[in-house]
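S.K.: Would you mind keeping the following structure in view while I ask a few things?
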Amino acid sequence: MSGQDGQDVAQADSADAAGEGTLSFDRRYREMLGAGLDLLDQGVTVFDAELRMVAWNGAFLRLLDFPESLARQGMSFEDFIRYNAERGDYGPGDPALQVAERVARAKSFQPHVTERVRPNGQVLSIRGFPLPHDGFITVYTDITEQRRVQAQIANHQAELEAHIRSRTEALRRSEQRLREITDAIPAAVAYFDRSLIYRYANKGYADWFGWSAAAIEGTQIREVTGQEVFAIVSPYVARALAGEQLSYEYTLTGRDGAPAHARSTLVPDIGPDGEVHGCYVHSVDVTEQRHTQAALAQAQKMEAIGQLTGGLAHDFNNMLTVVIGNLVALKENHPDDPLTENFVEPAMHAANRGAELIRRLLGFARRQPLEPKPLEVNELILGMSKLIRRSLPGTIAVSTASREPCLVAMVDAHQLENALLNLALNARDAMPNGGELRIESSLEHLGVHAAADLEVPPGDYVQIAVSDNGMGMDGSTLARVFEPFFTTKQFGMGSGLGMSMVYGFTKQSGGGVRIRSRQARGTTVALLLPSVAEAEQPDMLPAVPSDIELAGKLVLLAEDDADVRAVVRMQLAELGCVVVEAENGAEAADLVENIPAIALVISDVVMPGAMDGRALARFVRRFRPDLPVVLMSGFAESHFQPHASIDADLHLPLLAKPFSRDKLLAALRPFAA
Ligand code: ADP
Ligand code: MG
Numbered sequence: 006m007s008g009q010d011g012q013d014v015a016q017a018d019s020a021d022a023a024g025e026g027t028l029s030f031d032r033r034y035r036e037m038l039g040a041g042l043d044l045l046d047q048g049v050t051v052f053d054a055e056l057r058m059v060a061w062n063g064a065f066l067r068l069l070d071f072p073e074s075l076a077r078q079g080m081s082f083e084d085f086i087r088y089n090a091e092r093g094d095y096g097p098g099d100p101a102l103q104v105a106e107r108v109a110r111a112k113s114f115q116p117h118v119t120e121r122v123r124p125n126g127q128v129l130s131i132r133g134f135p136l137p138h139d140g141f142i143t144v145y146t147d148i149t150e151q152r153r154v155q156a157q158i159a160n161h162q163a164e165l166e167a168h169i170r171s172r173t174e175a176l177r178r179s180e181q182r183l184r185e186i187t188d189a190i191p192a193a194v195a196y197f198d199r200s201l202i203y204r205y206a207n208k209g210y211a212d213w214f215g216w217s218a219a220a221i222e223g224t225q226i227r228e229v230t231g232q233e234v235f236a237i238v239s240p241y242v243a244r245a246l247a248g249e250q251l252s253y254e255y256t257l258t259g260r261d262g263a264p265a266h267a268r269s270t271l272v273p274d275i276g277p278d279g280e281v282h283g284c285y286v287h288s289v290d291v292t293e294q295r296h297t298q299a300a301l302a303q304a305q306k307m308e309a310i311g312q313l314t315g316g317l318a319h320d321f322n323n324m325l326t327v328v329i330g331n332l333v334a335l336k337e338n339h340p341d342d343p344l345t346e347n348f349v350e351p352a353m354h355a356a357n358r359g360a361e362l363i364r365r366l367l368g369f370a371r372r373q374p375l376e377p378k379p380l381e382v383n384e385l386i387l388g389m390s391k392l393i394r395r396s397l398p399g400t401i402a403v404s405t406a407s408r409e410p411c412l413v414a415m416v417d418a419h420q421l422e423n424a425l426l427n428l429a430l431n432a433r434d435a436m437p438n439g440g441e442l443r444i445e446s447s448l449e450h451l452g453v454h455a456a457a458d459l460e461v462p463p464g465d466y467v468q469i470a471v472s473d474n475g476m477g478m479d480g481s482t483l484a485r486v487f488e489p490f491f492t493t494k495q496f497g498m499g500s501g502l503g504m505s506m507v508y509g510f511t512k513q514s515g516g517g518v519r520i521r522s523r524q525a526r527g528t529t530v531a532l533l534l535p536s537v538a539e540a541e542q543p544d545m546l547p548a549v550p551s552d553i554e555l556a557g558k559l560v561l562l563a564e565d566d567a568d569v570r571a572v573v574r575m576q577l578a579e580l581g582c583v584v585v586e587a588e589n590g591a592e593a594a595d596l597v598e599n600i601p602a603i604a605l606v607i608s609d610v611v612m613p614g615a616m617d618g619r620a621l622a623r624f625v626r627r628f629r630p631d632l633p634v635v636l637m638s639g640f641a642e643s644h645f646q647p648h649a650s651i652d653a654d655l656h657l658p659l660l661a662k663p664f665s666r667d668k669l670l671a672a673l674r675p676f677a678a
C-alpha cells in the first residue's frame, strides 16, 4: 500500500507469532494486495470496529487530496473527518458539529451511499459497506465527469422539451389560423382517405351538408352526402383515387328545399411512392351563378329577338301603310262599285289584321306607342273580370282580390287590359277541365336584389298577379314562354304572341314579369308596374283640343319612301292641306328656308343622308321656331315614354305608322289654329 512503510506492516503483524516463512508470506500478500489496490481508479479505505484505519490505497489520497502523512495504519476515522471539516470540505458550519455528526453515523455501521461535491467542484460518490466483525470498507469514485455529462444531457433534454413545447404551440396556433382561414373562405374544402373517410372538412363544407366539421371527420362520404349525391359523385371519387384530377358539377336539394348546384374539384393526394393516399375536395356553390347566367342568357335572348322583331315590324309597317293607304283611296274613289265590296274589303280586312299583328310584335319589341297615365288598377281589374267571366267557360271560377283599396300605376290602360285578357286566356287553356282563376293586386316593394332580377330600379311597384290551378309548365316551356311565336298549343290554337306581348308591354312600361309555375299545380304570372305615389298623382286627362280648320294650310312632307309619301300626301290632301314634298332631310330644310308659307312640317324619323327627321326638326326649331313639326315613325324607338305620342328627345308629336286619316288629323289638329 502506498505511503506505508515496512515498519507499519511489521507492527501490524506483530501479533502474529508465526515464523519467518509465514511472516514473509503475509508481507508478500499485503504488498501484492497493496499494489493491486493502488491500480484501482477508485479510492478504498477499510476501518475496523473502533474506526481505526486498517487499509487504504493511493487513489483514496489522490481523490480526497489528503497528504500522504495522514494515512497511517491505525489512524482514526475521526482524524480524517476533522481534517476535512477544518479545510472546509463539508461547507460552512461548525466543524466540531460536522465531525460529531459524521462519526456518529459511521458508528452505526450501516451500508450507505452518499454523494459529495468538494469545494473545487469535484463530485465524489462514497459507498460504505459494513464488514464482518463490524468495521467497514468505503469506496470513493470520482463521478465529476459522469455528473457533468448527465447534467449536460438533462440540460439538453430540457431545452429540447421546451423547444418541442413551443413548436407544438406554434403548430397548434398555425393550425388554428389555417382552420380560421379555410373556414372564412367562401368555398367548401375537405380531405378524405382511400377508404372514403373524411379526415378534414372546413366549416363551409360541413354547412353545405348540414353537418358540423368535427362530426364529419372520421365519417364515411356516403353518410355525409346522402345516398343520392353519393351515387352521382362516386364515379368521380373512384377516378380521383386512381390518380386523376377532375372537376364536375352536381345538384342536391338545399336545406330550403330548392335545388342547389355545386362545382367540385378533386385533387388526388399522391405520396412520393406514387401511391394515392386520399383526395382533396374543393367545392363551390354555383347556384347563384347558374341563376345569374340563366337570367343573363334570357335577357340577351329577349334583347336579340326584340331587335329582330322590331326591325321586321318596321319594314312591314311601311309596306302596310302603302297597302292600306292605296286600298282606302281605291275604296273612296269607287264608293259604289260592287267590286270594291268584293275585293277591296277583304284585302283591307287582311291588311288591318296584319297591322294588328305588327302592333303586337312591336309590343314585344317594346316599340309600340304607349300612353301611360296614372291609372287606378283595381277598378280596371273589376271591369276586366266581368268581361273575362263572360268569355270563359262556366267551369272556371273567376275571383279578384286586392290588398289595397287604391293602387295607382303608371301604365297604358288599354294595353293593360289586353295583357290581362291574354293571361286569362292562357289560364283557360291550362284548365281544360275547369278550375280557378284569381286576379290579385297588391303593392310590392322591390329591394336591390329583387329589382336587379327584373332589371328595374328598386322601389314600389303595383303587382297584378293572375293565377290558375291548371296544368302548369315544365322547365323548358318556362324558359321560352316569352319568345314570340313560342306555343305549345295545336296549330291554329295559339299564336305564341300572348306572353311576348305581356312581357314587352310590362318592360316598356318600366316594370317586369315574374312567373311561378309547377306542373299539375298551376301558374301565377305577376306583372309589376311602376307605382305612382299619391302625392305624384296628377289630374287625369288633359282637355281634348277643339276642332279646327286645316284647309288651305301649306304642309311640308318629308319622307324617303315614295309610296308612303304618296299615301300621306293623299291623306293630307283629303284634310284640305296643300302639300310640298321632300325626299330627304336636306331637301326639306332647303324648302323651309325658301318657302315662308310652310305652316307645318311632317317628317319621317329615319331618312337617308346626313339629316334625319330629328335633325330636320332641330334645324326648323333654330330657323323658324314658330313652325310646328310632327314626326312619323315605323316604331317608337324610346324604351319608355311618358307620352307615347310625343317624341322623347325633342318633345314633338310622334305618329306611329300605319295611321288612319283620323289619327293624322288628331296629330295635326293642335297646330292648325
Ligand atoms: P299561346 O297562348 O298562343 O300559345 P302565349 O305566348 O300566350 O302563346 O303562351 C306561350 C306558351 O306558354 C303557351 O303555349 C303555353 O305552353 C305556355 N303558357 C302560358 N301561360 C300558361 C299558363 N297559365 N299555364 C300553362 N302554360 C302556359
Ligand atoms: Mg296565349
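Residues are numbered in our numbering as their position in the sequence shown, beginning at 1, plus a constant of 5.
Cβ coordinates follow ideal geometry from the N, Cα and C atoms, glycine included.
#1: Per DSSP, what kind of secondary structure is I600 in: helix, strand or coil?
#2: With 16 other CB atoms within 10 Å as the buried threshold, where does A531 fall?
#3: Using only alpha-carbon positions, find the residue among F487, V597, G41, F197 that is nearest to V272.
#4: Put S390 into one of helix, strand or coil per three-state DSSP.
#5: Count the C-beta pairs between the stretch 493-502 and the stretch 465-476 that are closer than 8 Å, then say yes if the count reaches three, no if not.
#6: Run through DSSP, which three-state label would D566 get?
#7: Is N331 near V572, with beta carbons less than 8 Å apart?
#8: Between which two residues does the beta strand (DSSP E) harbouring F52 extend?
#9: Report the partner residues of V194 according to the DSSP bridge assignment.
#10: Per the contact definition of three or more C-beta pairs closer than 8 Å, is the stretch 135-144 in contact with the stretch 40-56?
#11: Going by beta carbon distance, what residues of the same chain come within less than 7 Å of R570, once the five residues before and after it are set aside?
#12: Among P601, D595, A591, which residue has its Cα nearest to the Cα of A615?
#13: For a test of your reading of the model: does the CB of F369 fall under 7 Å from any non-hydrogen atom of the ligand ADP? Yes or no.
#14: Just verifying my parser: in three-state terms, what is the DSSP assignment at D31?
#15: Compare the Cα-Cα distances from R260 to each of E445, L621, W216, H287 and report the closest residue.
#16: CB of M436 to nearest heavy atom of the ligand MG: below 7 Å?
#17: Got a sec? Which residues, its chain only, sit under 6 Å from A470 by beta carbon, not counting five neighbours each side?
#18: Suppose contacts are defined by Cβ-Cβ distances below 8 Å. Is A318 in contact with I363 by that definition?
#19: Let me know if R433 comes out buried or exposed under the rule of 16 or more other beta-carbons within 10 Å of its beta-carbon.
#20: Compute the Euclidean distance between the alpha carbons of F65 and Q157, then round it to the nearest angstrom.
#21: Could I get the ranges of all uninterrupted beta strand (DSSP E) runs contained in the stretch 217-268, with 3 residues as the minimum, in chain order?
#22: Helix, strand or coil for H161 per DSSP?
#23: Kindly list the residues whose CB is nearer than 8 Å to the CB of D552, restricted to its own chain and excluding five residues on each side of it in sequence; keep chain order.
#24: Is the number of C-beta pairs between the stretch 28-41 and the stretch 108-121 that are closer than 8 Å three or more?
#25: V108 lies in the alpha helix (DSSP H); which residues open and close that run?
#26: Please list the segments of the alpha helix (DSSP H) lying wholly inside the stretch 309-383, counting only runs of 4 or more residues, in order along the chain.
#27: Alpha carbon to alpha carbon, what distance is there between E361 and A548?
#28: Using the C-alpha atoms, what's the distance from Q303 back to S679?
#29: Kindly identify the DSSP beta-bridge partner or partners of W61.
#30: Return the CA-CA distance between M415 and G509, expressed in angstroms with no decimal places.
#31: If you draw a straight line from the C-alpha of T187 to the C-alpha of S179, how long is it?
#32: In the stretch 452-496, which residue ranges form an unbroken alpha helix (DSSP H) of at least 4 residues, counting only runs that do not cross its ends?
#33: May I ask you to list the residues that DSSP assigns as paired with H134?
#34: Would you call Y203 buried or exposed, if buried means 16 or more other Cβ atoms sit within 10 Å of its Cβ?
#35: Would you give the residue range spanned by the alpha helix (DSSP H) that V88 belongs to?
#36: Secondary structure at V537, three-state DSSP: helix, strand or coil?
M.R.: Here's the rundown:
#1: coil
#2: buried
#3: F197
#4: Residue state, collapsed to three classes: helix.
#5: Flag = no, the stretch 493-502 and the stretch 465-476 do not touch.
#6: coil
#7: yes
#8: 48-52 is the extent of the beta strand (DSSP E) around F52.
#9: H287
#10: yes
#11: Once the five neighbours on either side are set aside, the close Cβ partners of R570 are L562, E564, E586.
#12: A591
#13: no
#14: helix
#15: W216
#16: no
#17: E445, T529, A531
#18: yes
#19: R433 comes out buried.
#20: 27 Å
#21: DSSP runs (the beta strand (DSSP E)) wholly in the stretch 217-268: 251-258.
#22: helix
#23: Only weak support exists for where D552 lies, its pLDDT of 33 falling under 50; the value from the coordinates is given anyway. Contacts found: R674.
#24: The stretch 28-41 vs the stretch 108-121: no contact.
#25: 100-111
#26: 350-369
#27: Because A548 carries a pLDDT of 28, less than 50, the predicted location of this residue cannot be relied on, and the following value inherits that uncertainty. So the two alpha carbons sit approximately 28 Å from each other.
#28: No information on residue 679 is available, as it lies outside the stretch 6 to 678 that the chain covers here.
#29: T50
#30: 15 Å
#31: 12 Å
#32: 453-458, 480-485
#33: The identity of residue 134 in the sequence shown is Phe, whereas the question assumes His. Answer by DSSP bridge pairing, in chain order: I142.
#34: buried
#35: Residue 88 is actually Tyr in this sequence, not Val. Run containing Y88: 82-91, per the alpha helix (DSSP H) assignment.
#36: coil
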